[in-house]
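K.L.:
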Amino acid sequence: FTDFIDCSKFLIAEKYTSAEHLYAEGGSAGGLLMGAIVNMAPELYNGVIAQVPFVDVITTMLDDTIPLTTGEYDEWGNPNEKKYYDYMLSSSPYDQVKAQGYPNMYVSTGLHDSQVQYFEPAKWVAKLRVLKTNNKQL
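Mapping the sequence shown onto this note's numbering, position 19 (from 1) lands on 70, and the numbers just tick up by one.
1. Pick from LEU95, PRO118, ARG180, LEU113: whose alpha carbon is nearest that of ASP164?
2. Mind checking whether LEU95 and ILE56 have CB atoms under 9 Å apart?
3. Does DSSP put ASN90 in a helix, in a strand, or in coil?
4. Which of the three DSSP states is assigned to VAL108 in this structure?
5. Suppose the cutoff is 7 Å on Cβ atoms and the five residues either side in sequence are ignored; what does the same chain contact list for ALA80 look like?
6. Quick one: what's got a C-beta closer than 8 Å to THR53's C-beta in the same chain, skipping five residues either side?
7. Kindly identify the DSSP beta-bridge partner or partners of GLN102.
8. Can at least three beta-carbon pairs, one atom from the stretch 96-116 and one from the stretch 154-171, be found at a separation below 8 Å?
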């Protein structure tokens, strides 16, 4: 996550763009990246598009009845092991939402997406709306 943020900071520092003109977009696992960057460095982006974002990492990875979840253990780790659970929790966008300003955001979900349950982005947006401290569009 920090490499993406570092690239964004570089683009701003070198005057390729500004925070008022910088946007980011990602979907599914790339949506996880979008969720992480808006929690970690919201001031860098004027807007973010998150398409069917994988944002409730802990809940999803702990539910082995969801198709493909256990197959993801090789990539993400098994959250039933404390070290992986703690890492997932530290970067899980849903779990890391806090009271702060967030950029303008467009978030979509898919009723029949095989990777991300439709309610996952919806509950993330609901939590963001409760906690965000500015008037940016969400």
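Yeah, the Cβ is synthetic: ideal placement off N, Cα and C, and Gly gets one too.
P.N.:
In short, the structure shows the following:
1. With distances taken between Cα atoms, ASP164 lies closest to PRO118.
2. The Cβ-Cβ distance between LEU95 and ILE56 falls below 9 Å.
3. If DSSP states are grouped into helix, strand and coil, ASN90 belongs with the helices.
4. VAL108 falls in the helix class under three-state DSSP.
5. Excluding positions up to five away in sequence, the list reads PHE105.
6. Excluding sequence neighbours, THR53 sits near MET91.
7. Answer is GLY78, SER159, bridged to GLN102.
8. Cβ pair count under 8 Å is three or more, so yes.
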